[in-house]
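Worksheet: the structure to be examined is printed underneath.
In the numbering used here, the protein residues as written are 4 to 167.
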């Protein structure tokens with residue numbers, strides 16, 4: 004039996020059980036390949052930099068047991084070039100990803116990649132309530148700034164990890 008390639012993508016900032024659930028569900032369909040969003044693309048599409056720098060997020064994702072391969076997305080965000088390089092059988096979208104699966108299917112077909120099945124995981128993992136990075140960030144602010152005026156925190160990532 005030939006094992007299918009299953010592609011998932013995301014920021015994977017502040018890894019939590021919802022991420023693990025998505026990866027484990029993808030593993031039920033085949034070997035899991037992950038594209039981790041670059042810092043620049045995360046900022047471009049959400050208006051915010053991730054908390055954890057891209058190389059660190061990639062290292063964490065690569066270490067997870069059901070991950071066959073993980074790599075950073077392209078800085079130019081050419082999604083279809085990334086997909087064609089992996090040539091998955093299935094693209095699995097997470098339940099909270101704001102990506103239209105039908106638009107993706109049409110784009111894949113136009114690029115000769117119509118054989119790739121696009122699915123969406125319709126259920127999320129919410130055993131603990133903190134099932135998204137944004138909810139975890141809100142909880143951190145709530146716990147650390149309770150009773151204080153919420154202040155915007157500026158995070159400056161080092162460009163050379165020898166500098167701090």
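Idealized CB from N, CA, C, for every residue including glycine.
Here the structure is a predicted model, which means the values were calculated and not measured.
- Residue pairing from DSSP leaves residue 86 without any beta-bridge partner.
- With respect to residue 26, residue 38 sits apart: the two C-beta atoms are not nearer than 8 Å.
- Distances from the alpha-carbon of residue 36 to those of 75, 58, 19 and 5 put 75 closest.
- Under DSSP, the beta-bridge partners assigned to residue 70 are 35.
- At least 8 Å separates the beta-carbon of residue 34 from that of residue 14.
- In the DSSP assignment, residue 23 falls within the unbroken alpha helix (DSSP H) covering 20-30.
- Contact between the stretch 88-107 and the stretch 51-63 is not established, with fewer than three Cβ pairs separated by less than 8 Å.
- The alpha carbon of residue 93 has as its nearest neighbour, out of 77, 124, 4 and 68, the alpha carbon of 124.
- Residue 12 sits in a strand when the DSSP states are folded into three classes.
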